[in-house]
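A.B. asks: In the working numbering, the protein residues as written are 1067 to 1211. Supplied in structure tokens, the structure appears directly below.
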């Protein structure tokens, strides 16, 4: 299989519908945000979009599925491994995939509901949901600020 080499910086501004930065953080920034043509960005990497670029892209109408949600599948499956280990279970691949699908679907619905309630984008909805869950757990444990 052969192909032409692609400049790593230019791949971010290629004409596409969906852009999935999946390796490095900070690759989408104020220098290239205006040139991004994608309508959707799925942040598979940790923090690939800096705050200035996030604002630019938002003004352009680009929908960003933030890293805090988009790459949470790996952490969720690690949690499943922990559950299996402490309970002595061994799930097959189909069970893991079904559970992951259920968790991710519910999580996305919860984020969308938070966005609707607070009239915010997916990033703010995901962060707000996360902070609310931690705050609630803190109160339920009897801890106070």
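Glycine is no exception: its CB is placed at the ideal position from the N, C-alpha and C atoms. Quantities reported herein were computed from a predicted structural model and do not represent experimental measurements.
Roughly how many angstroms lie between the CA atoms of residue 1157 and residue 1171, to the nearest whole one?
C.D. replies: One C-alpha to the other measures close to 20 Å.
A.B. asks: By the 10 Å Cβ neighbour count, where 16 or more other Cβ atoms means buried, how is residue 1102 classified, buried or exposed?
C.D. replies: By the neighbour-count rule (16 or more Cβ atoms within 10 Å), residue 1102 is buried.
A.B. asks: Find the nearest neighbour of residue 1150 within the set 1137, 1138 and 1165, judged by alpha-carbon distance.
C.D. replies: Answer by Cα proximity: 1165.
A.B. asks: Helix, strand or coil for residue 1078, going by three-state DSSP, please let me know.
C.D. replies: Residue 1078: coil per DSSP, three-state reduction.
A.B. asks: Quick one, are the C-beta atoms of residue 1109 and residue 1083 less than 9 Å apart?
C.D. replies: The answer is no: Cβ separation not under 9 Å.
A.B. asks: Taking 7 Å as the limit between beta carbons, can you name the residues of its chain near residue 1208, skipping five residues before and five after?
C.D. replies: Nothing listed; no residue qualifies.
A.B. asks: Taking Cβ positions, are residue 1107 and residue 1086 nearer each other than 9 Å?
C.D. replies: A contact, by the Cβ cut-off of 9 Å.
A.B. asks: Please go through the same chain and pick out, in chain order, the residues whose beta-carbon is closer than 8 Å to the beta-carbon of residue 1131, but skip the five residues on each side of it.
C.D. replies: Answer for residue 1131: 1106, 1107, 1108, 1109 and 1188, listed in chain order.
A.B. asks: Along the chain, where does the alpha helix (DSSP H) containing residue 1166 start, and where does it finish?
C.D. replies: Looking at the DSSP string, the run of the alpha helix (DSSP H) that includes residue 1166 is 1159-1184.
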